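The opening residue of the sequence shown carries number 3 in our numbering; numbering runs sequentially from there.
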Amino acid sequence: MKILKRRWWLAAAGPAIAAAAVLATVASGANATSAKPGSLGPTSGLLPRTHLTLESAIQVNLSKETVRLPLYPGTAHGQKVWYVLLDASDPGLAHDLGVNYAPKLANIAIGDPAAVQTVTLTNPTPLANPFGPGVVNFAGAPNFSPTRIAVPGPTGFPLAKFAPGAVAGPGYSPFIKFAGSSVVYNAPIVATGNGPFDVIHHTNTGDRVLGIHIAGKSKPGQFAESWVDMLFVKGFDAGQPILYLSTDAGQPLTAVLERSVYVPALNNAAFNGGDDFLGSARERLFGFINGQTGATNPNAQGFVHLIKDGFAAQDAAAGNTALINALRHGGDLLNVFGDFPTLADPRHADAYSPLWDAQLGLWTPKAVTAGLNTRQIDENVVFNLAATRPDLLTGVNPATGQPAPYGASGVDINCAVIGFTAQAPTANLAPPAPHSQFPPR
């Protein structure tokens with residue numbers, strides 16, 4: 003884990019200055035520290051390990067759009083399962099395991115006990131396991147057998163028909179704690195059974211699983227490691243391009259769009275609209291319904307873009323090179339994240355959580371007609387825009403698709419950050435406009 007230096011945030015600028023900054027961003031893009039604001043960074047080769055926040059990742063292959071993660075064994079109701087480890091609510095254990103530190107996860111079961119499943123650990127004999135992971139016994143597991151359906155509508159999005167490709171079984175949540183411990187881990191199950199594993203249509207694997215290697219017996223004094231290759235997602239934080247892994251969602255449509263497991267128990271996790279409030283397990287994420295589209299458009303972003311340009315209707319597979327290349331060049335939703343582990347102020351770095359509370363934006367007809375529905379890359383800039391220019395950006399009612407006050411949309415997603423492709427996000431691109439978000443800032 004990275005040791006971060008404290009910095010004091012500047013006081014919010016006056017309304018006129020904030021509004022001017024917002025308008026400049028809408029018109030020409032924010033001034034990020036990278037050479038090309040809104041660019042995705044390198045799209046080929048291996049990501050340098052210095053760019054990882056998830057230090058346990060074996061490799062990140064930008065050419066193949068995959069992150070290779072250690073794969074661990076478990077059981078659920080007597081069935082073999084395989085899981086990855088992404089986040090922990092305790093700093094020492096997160097550091098030891100090479101995963102993201104996410105203290106907010108300690109709050110996840112407030113009012114929603116099903117959001118965390120209690121697991122047990124099989125303690126093997128020395129002869130059975132001289133050096134390796136113990137077996138985690140889960141209370142439930144996902145059912146990966148459903149067929150994922152994402153039929154585009156007349157304009158791409160909304161979808162004409164959809165159904166998740168994986169659904170949580172009874173008792174399942176990706177967030178676990180061991181009986182007798184209060185530490186919460188993000189440990190999503192990504193495959194079930196003993197193989198062979200279907201990494202094309204995903205009948206026994208997660209919809210982002212593109213390859214699995216199950217290690218044989220370890221040689222004396224060595225550890226043979228199992229691993230999984232998973233399709234990552236691109237986004238932005240504090241003006242910089244980032245990578246993350248989406249594994250679960252609390253709503254069926256979200257699960258389809260994110261190629262993740264539908265976990266109903268997460269829908270009520272603490273809490274809608276929660277970010278830096280008492281008892282919250284969530285961090286804010288910013289998505290856009292009707293941003294610009296076009297496979298080579300540097301301003302493309304959002305739901306319509308994902309459906310039209312990101313091959314969202316197709317199964318993700320390593321052999322589907324058209325899909326992989328579309329995502330390499332920006333075919334993802336390109337959401338904007340809130341707090342991130344590398345931010346210079348520990349107040350913001352430690353506010354990271356993999357459970358994201360989606361604030362969905364709808365560009366107004368005025369913004370679309372004027373071409374102001376440009377790619378957004380910074381949390382404060384988005385908040386300032388929503389607060390000072392409702393004539394350009396509003397919220398959206400997910401049930402109707404109609405404009406609504408800006409804020410929480412009732413959508414939550416389990417997305418663990420992996421790293422950054424260009425420079426580390428360290429500070430937001432603009433100070434917050436007055437009354438644009440809850441203090442302290």
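Backbone N, C-alpha and C fix where the C-beta goes; we use that ideal spot for every residue, glycine too. Bear in mind that the values here come from a model prediction, so they are computed numbers and not experimental data.
DSSP links residue 70 through a beta bridge to 61 and 231. The C-beta distance from residue 48 to residue 247 rounds to 17 Å, too long to meet the 8 Å contact threshold. Straight-line spacing of the CA atoms in residue 423 and residue 290 works out to 22 Å. In the DSSP assignment, the residues bridged to residue 250 are 263 and 416.
Less than 9 Å separates the beta-carbon of residue 192 from that of residue 211. Per DSSP, reduced to three states, the secondary structure at residue 430 is coil, with no helix or strand assignment.
With a 10 Å radius around the Cβ and a threshold of 16 neighbouring Cβ atoms, residue 362 comes out buried. Note that the segment 323 to 331 does not touch the segment 255 to 265; fewer than 3 beta-carbon pairs, one per stretch, sit closer than 8 Å. For the 9 Å CB-CB criterion, residue 108 and residue 175 do not form a contact. Along the length of the segment 61 to 137, whole alpha helix (DSSP H) runs at least 4 residues long occupy 93 to 99, reported in chain order. Boundaries of the alpha helix (DSSP H) harbouring residue 368: 367 to 371, taken from the DSSP string.
Of the candidates 279, 73, 188 and 358, the residue whose Cα lies closest to the Cα of residue 231 is 73.
Rounded to whole angstroms, the gap between the alpha carbons of residue 164 and residue 129 is 49 Å.
By the criterion of a C-beta distance shorter than 7 Å, residue 340 is surrounded in its chain by 277, 285, 286, 287 and 381, once the five residues flanking it on both sides are discounted.
Residue 238 is positioned such that its CB atom lies closer than 9 Å to that of residue 40. Distances from the alpha-carbon of residue 366 to those of 136, 393, 190 and 167 put 393 closest. Here DSSP, grouped into helix, strand and coil, assigns residue 257 to helix. By the Cβ neighbour-count rule, residue 311 is buried, with 16 or more other Cβ atoms within 10 Å of its own. Here the segment 219 to 228 makes no contact with the segment 409 to 421; the two share fewer than three CB pairs at distances below 8 Å. Taking all protein chains in view, the Cβ of residue 179 is crowded by 16 or more other Cβ atoms within 10 Å, so the residue is classified as buried. In the structure shown, residue 387 falls within a helical segment according to DSSP collapsed to helix, strand and coil. Your pair residue 416 and residue 249 checks out as a contact, with CB atoms roughly 5 Å apart and the cut at 8 Å. Contact annotation, residue 118 with residue 110: C-beta distance approximately 6 Å; criterion of less than 8 Å satisfied.
Taking every protein chain shown into account, the CB of residue 98 has fewer than 16 other CB atoms within 10 angstroms, so this residue is exposed. The alpha-carbon separation between residue 389 and residue 383 amounts to approximately 10 Å. Here residue 385 is buried. Its C-beta has 16 or more other C-beta atoms within 10 Å. At a cut-off of 3 residues, the continuous stretches assigned as beta strand (DSSP E) that sit fully inside the segment 150 to 202 are 151 to 155, 158 to 165, 177 to 180 and 191 to 194.
According to DSSP, residue 307 shares a beta bridge with no other residue. Assignment of residue 244 by DSSP, reduced to helix, strand and coil, places it in the strand class. Boundaries for residue 379: no beta strand (DSSP E) harbours it, and the DSSP string shows neither H nor E there.
Close CB contacts of residue 377 within its chain, under the 6 Å cut and outside five residues either way in sequence, are with 40, 301 and 303 (chain order).
By the CB criterion at 9 Å, residue 241 and residue 359 fall outside the cutoff. For residue 323, the uninterrupted alpha helix (DSSP H) segment begins and ends at 323 to 330. When secondary structure is reduced to three states using DSSP, residue 350 falls in the helix class.
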